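Heads up, the sequence shown is in my numbering, so the first residue is 8 and it goes up one at a time.
For every residue, glycine included, the Cβ atom is placed at its ideal position computed from N, Cα and C.
In this text, all values refer to a predicted model and were calculated from it rather than measured experimentally.
Below you'll find the structure, written out as structure tokens, and then a few comments.
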Amino acid sequence: MYNINAVIKLKKMGIVGVVIFIFVFVAMCGEKTTEEITEANIKEKVVEAYENVDTYKMKTEMVMNMTGEIEGEEKTMKMTIMMDSVYDIKNEKQKHSSQMSMGEGAMSYTLEQEMYLVENTLYIKMLDKWYKKVLEDPPILDQTEALREMFNASEILEMKEENLDGEDVYYMSLDPTLSELAGSFAKTQALYGELGLSQSEIDLEEIEEAIEDCEVYYWVSKKDLRIVKVLTKIDMSLEEILLEEEIKVTEHMETTETLTDYNEPMSIELPEEAKYAEEWDKSPFASSQKEREEMEKEIKRIEEEIGSIGGKLRIINIANDNDTFYITIKNATEYMLVNDDGNEELDMDSNSKVSELQVTIKDNSGNIIADYIIGGNGEFAIFTDEPVTSNEEGQIEITVSEIDPGITYSINIKAADEETTEKYTAI
Numbered sequence: 008m009y010n011i012n013a014v015i016k017l018k019k020m021g022i023v024g025v026v027i028f029i030f031v032f033v034a035m036c037g038e039k040t041t042e043e044i045t046e047a048n049i050k051e052k053v054v055e056a057y058e059n060v061d062t063y064k065m066k067t068e069m070v071m072n073m074t075g076e077i078e079g080e081e082k083t084m085k086m087t088i089m090m091d092s093v094y095d096i097k098n099e100k101q102k103h104s105s106q107m108s109m110g111e112g113a114m115s116y117t118l119e120q121e122m123y124l125v126e127n128t129l130y131i132k133m134l135d136k137w138y139k140k141v142l143e144d145p146p147i148l149d150q151t152e153a154l155r156e157m158f159n160a161s162e163i164l165e166m167k168e169e170n171l172d173g174e175d176v177y178y179m180s181l182d183p184t185l186s187e188l189a190g191s192f193a194k195t196q197a198l199y200g201e202l203g204l205s206q207s208e209i210d211l212e213e214i215e216e217a218i219e220d221c222e223v224y225y226w227v228s229k230k231d232l233r234i235v236k237v238l239t240k241i242d243m244s245l246e247e248i249l250l251e252e253e254i255k256v257t258e259h260m261e262t263t264e265t266l267t268d269y270n271e272p273m274s275i276e277l278p279e280e281a282k283y284a285e286e287w288d289k290s291p292f293a294s295s296q297k298e299r300e301e302m303e304k305e306i307k308r309i310e311e312e313i314g315s316i317g318g319k320l321r322i323i324n325i326a327n328d329n330d331t332f333y334i335t336i337k338n339a340t341e342y343m344l345v346n347d348d349g350n351e352e353l354d355m356d357s358n359s360k361v362s363e364l365q366v367t368i369k370d371n372s373g374n375i376i377a378d379y380i381i382g383g384n385g386e387f388a389i390f391t392d393e394p395v396t397s398n399e400e401g402q403i404e405i406t407v408s409e410i411d412p413g414i415t416y417s418i419n420i421k422a423a424d425e426e427t428t429e430k431y432t433a434i
């Protein structure tokens with residue numbers, strides 16, 4: 008039975024409540040300050056609250072809507088990343104379960120992954136296989152660092168008390184500096200990159216210049232002054248050069264991060280099958296990254312040789328299902344692109360201004376998986392609708408034995424003494 012005087016003394020020292028296992032409670036939650044929390048001191052108190060954090064869980068939801076105009080036609084794409092994470096900072100371990108979805112409807116694609124970070128080695132399960140990768144740079148062990156840095160560098164626009172899912176919290180609307188917002192964004196993207204969810208390079212200056220508007224909201228627990236939720240809304244505008252045409256892409260991204268179970272016991276054990284993981288270089292995504300770099304060099308070489316930038320024969324869109332590539336082309340060759348005449352050779356008639364169309368597709372190992380003259384290989388290589396006249400767009404369908412998601416393919420088309428190549432990562 009508790010001594011009443013002892014309990015009163017503990018309360019005066021600032022410990023919230025009395026539970027059966029007091030020693031566990033003190034270790035897990037720390038002391039509660041009697042000092043009034045205000046806009047002037049909450050940043051300092053939040054910093055102090057993380058001095059003894061060893062474990063926590065984080066649930067992340069990122070929704071990105073991208074819109075761009077290509078040749079006068081608006082294109083949109085939606086990407087969603089859902090991730091449940093467990094962090095054991097003291098033992099340098101992490102566990103992540105993620106689901107990335109791209110597109111909508113029939114053209115949607117979902118990738119599920121299970122990931123473990125043990126010291127500096129990352130283990131990833133994708134497409135039912137385990138891979139491992141030794142990280143060259145020190146891994147991001149504590150994702151709250153980026154959240155805390157942005158919180159400390161931001162101006163508090165509004166602060167009030169409210170209840171969030173049954174917990175008393177301080178709600179704050181923030182005005183972050185662009186540099187800190189870009190830095191936090193880059194750190195988050197760097198984590199996604201480590202986990203195989205992002206393959207783009209991070210450039211802080213480009214991010215700062217691209218951000219047009221942002222809203223940032225924090226919820227901090229009144230109990231222990233640790234962050235329990237962060238909502239970030241960012242509008243970005245990017246300009247890319249594609250075939251000498253400036254493409255403006257706008258992005259609206261909302262990221263919600265929910266943090267729970269601070270200093271709760273965490274057991275992160277590598278699954279038995281992960282101990283026999285193959286090297287990362289053998290994974291589809293690693294192959295895609297390597298092939299992307301090689302193909303960019305090759306495409307640049309081809310473009311310099313034949314002037315396909317702004318050329319007369321262009322690939323403007325690619326999609327796929329399990330075994331068929333759907334390739335939309337722009338024909339400005341002054342020739343009508345027609346079916347093969349039966350000899351399965353690439354023929355062109357300059358007098359009648361007609362040309363056949365050849366398509367060659369290579370996988371990420373450089374193996375040719377398709378080399379067809381449209382209309383000359385049965386249903387394996389066809390015009391979707393009809394031959395493509397000059398100054399018109401049309402679609403061709405190339406059927407192969409199998410298309411592997413995550414693999415980057417090289418697609419080359421030739422007609423009327425014109426040639427162009429595009430890379431495409433299958434979904």
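query, result
"Glu152 burial status per 10 Å Cβ neighbour count (16 or more: buried)", "exposed"
"Boundaries (first-last residue) of the alpha helix (DSSP H) holding Ala153", "Thr151 to Ala160"
"Extent of the continuous beta strand (DSSP E) to which Val141 belongs", "Lys136 to Val141"
"Distance cut-off 6 Å: Val141 Cβ against heavy atoms of the ligand ATP", "Looking for the ligand ATP in the displayed structure turns up nothing, as the structure carries no ligands at all."
"Identity of the residues DSSP links to Asn98 by a beta bridge", "According to DSSP, which records beta bridges pairwise, Asn98 is partnered with nothing at all."
"Counted within 10 angstroms of its Cβ, other Cβ atoms place Ile241 as buried (16 or more) or exposed", "buried"
"Alpha-carbon to alpha-carbon, Lys430 and Glu81", "21 Å"
"Same chain only: Cβ atoms within 8 Å of Glu409, ignoring 5 sequence neighbours per side", "Asn329 and Asp330"
"Val407 - DSSP class collapsed to helix/strand/coil", "coil"
"Local Cβ density within 10 Å of Asn338, reported as buried at 16 or more and exposed below that", "buried"
"Per-residue burial, Phe419 [other beta carbons within 10 Å of its own, 16 or more giving buried]", "Checking the sequence shown, residue 419 turns out to be Asn, not Phe. Per the 10 Å Cβ criterion, buried."
"Nonlocal neighbours in the same chain, by C-beta distance under 7 Å from Leu353, ignoring five residues either side", "Glu363, Gln365, Ile380 and Lys421"
"Spatial distance of Ser105 from Met90 (CA atoms)", "4 Å"
"CA-to-CA distance, Asn350 to Lys85, given in whole angstroms", "44 Å"
"Cβ neighbours of Ala277 in the same chain (closer than 7 Å, five flanking residues each side left out)", "Note on residue identity: the sequence assigns Leu, not Ala, to residue 277. Excluding positions up to five away in sequence, the list reads Tyr123, Val125 and Tyr130."
"Short Cβ contact (7 Å threshold) for Thr427 with Arg321", "yes"
"Endpoints, the alpha helix (DSSP H) within which Glu425 is located", "Counting along the chain, Glu425 falls outside any alpha helix (DSSP H), though it belongs to the beta strand (DSSP E) covering Glu425 to Thr432."
"Spatial distance of Ala160 from Met260 (CA atoms)", "21 Å"
"Same chain only: Cβ atoms within 6 Å of Thr239, ignoring 5 sequence neighbours per side", "Val223 and Thr262"
"Alpha-carbon spacing of Val176 relative to Met107, whole angstroms", "31 Å"
"Alpha carbon of Met69 to alpha carbon of Val407, nearest angstrom", "34 Å"
"Residues bridged to Arg321 [DSSP beta-bridge criterion]", "Lys337"
"Alpha-carbon to alpha-carbon, Lys369 and Asp424", "21 Å"
"Residues bridged to Asp242 [DSSP beta-bridge criterion]", "Asp220 and His259"
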